[in-house]
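Everything on this sheet refers to the single structure shown next.
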Amino acid sequence: MPFNYQLFINSDHSILIEFNGDISEDLLRYILGVAESIEQSPPTGFIELVPAYNTLLIIFEPLEFQPEHASSQIHKAIEKAKPADASNSRTIEIPVCYDKRVANDIEHVAAYCGMSVAELIEAHSSQDYTVYMLGFLPGFLYLGGLDERLHCPRLDNPRTKIEAGSVGIGGSQTGVYPIASPGGWQIIGRTPMAMLDVTKSPPSVANPLDKARFVPISYEEFEQLTRPANEY
Numbered sequence: 008m009p010f011n012y013q014l015f016i017n018s019d020h021s022i023l024i025e026f027n028g029d030i031s032e033d034l035l036r037y038i039l040g041v042a043e044s045i046e047q048s049p050p051t052g053f054i055e056l057v058p059a060y061n062t063l064l065i066i067f068e069p070l071e072f073q074p075e076h077a078s079s080q081i082h083k084a085i086e087k088a089k090p091a092d093a094s095n096s097r098t099i100e101i102p103v104c105y106d107k108r109v110a111n112d113i114e115h116v117a118a119y120c121g122m123s124v125a126e127l128i129e130a131h132s133s134q135d136y137t138v139y140m141l142g143f144l145p146g147f148l149y150l151g152g153l154d155e156r157l158h159c160p161r162l163d164n165p166r167t168k169i170e171a172g173s174v175g176i177g178g179s180q181t182g183v184y185p186i187a188s189p190g191g192w193q194i195i196g197r198t199p200m201a202m203l204d205v206t207k208s209p210p211s212v213a214n215p216l217d218k219a220r221f222v223p224i225s226y227e228e229f230e231q232l233t234r235p236a237n238e239y
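Here the sequence shown stands for residues 8 to 239, numbered as in this note's numbering.
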């Protein structure tokens, strides 16, 4: 077993598995492998799984939840688990406009990081990011691998509305707001790409273990891609 773990009764209808290990792709693959093993031999009353950076939440039907029995079944599933296969993961290219007209904080972030805006864009768009988890909004991708030079604090006063498609940095993470919502991340760009489509299954453009790559586009390209079809 590559990682140690602990089980906690999280609520009257859920169990949380907490894994001991640094956040990494190896840990992510193991967590997803445990999730696959549980789905193959689901505990009584099982509903769904919610993987995160170093935890896995198992949710049950409240009236069927038997904590001791469920814990025993989960331990057995973990013993049989193997790391998830990453060979089928995809790389998703996300076009991003870094123009200050749609990037409220890009000049501030560049100054905070001690670089020019052009250097910030180059650093942010020059690597592939691993999708570690989805939250806090449906389809919000938590991406690992942000250049340490771009780490910067969240806003002291979160905005009441951030536009859908906004690309932000919060601490050591970067991500894209899939829908308009309040938020406290520093906004350095916006994508015209829809990050969430509830008519599809799965609805998110990417899933854990996939890669995301930001591709810079001009403001003119952004406007063209966001213009309603009836305006052409």
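Ideal placement from N, C-alpha and C gives every residue a C-beta, glycine not left out.
| query | What residue from Lys207, Ile16, Glu170 and Asp204 has the CA that sits closest to Arg108's CA? | reply | Glu170
| What are the boundary residues of the alpha helix (DSSP H) that includes Lys87? | Pro74 to Lys87
| Roughly how many whole angstroms lie between the Cα atoms of Asn11 and Phe229? | 46 Å
| field | Inter-residue Cα distance where the pair is Asp204 and Val212 | value | 8 Å
| In terms of residues, what are the limits of the alpha helix (DSSP H) holding Ser44? | Glu32 to Gln47
| message | Could you compute how far the alpha carbon of Pro90 sits from the alpha carbon of Ala219? | response | 21 Å
| query | Per DSSP, which one or two residues make a beta bridge with Thr98? | reply | Lys218
| query | Which two residues bound the contiguous beta strand (DSSP E) that contains Tyr136? | reply | Asp135 to Leu141
| field | Where Glu167 sits in the DSSP three-state scheme | value | The question names Glu, but residue 167 is Thr in the sequence shown. Strand, per DSSP.
| said: Just to confirm, is the Cβ distance from Ile24 to Thr51 under 8 Å? | reply: no
| task | Report all residues from its chain with a CB closer than 7 Å to the CB of Ile45; omit the five preceding and five following residues, and keep chain order. | result | Leu56, Ile65, Ile81 and Ala84
| Three-way DSSP call (helix, strand, coil) for Ile113 in this model | helix
| request: Could you check what DSSP says for Pro186 in three-state terms: helix, strand or coil? | output: Reading off the sequence shown, one finds Ile at residue 186, where the question assumed Pro. Of the three classes helix, strand and coil, the one that applies to Ile186 here is coil, per DSSP.
| Where the beta strand (DSSP E) through Val57 begins and ends | Phe53 to Pro58
| field | 7 Å Cβ shell around Ser78 - same chain, five flanking residues per side excluded | value | Leu14 and Ile22
| 8 Å CB neighbourhood of Ile30 in its chain, flanking five on each side removed | Tyr60, Asn61, Tyr139 and Gly151
| said: The beta strand (DSSP E) that contains Ser18, what's its start and end? | reply: Asn11 to Ser18
| task | Go ahead and pull the three-state DSSP assignment for Thr233. | result | helix
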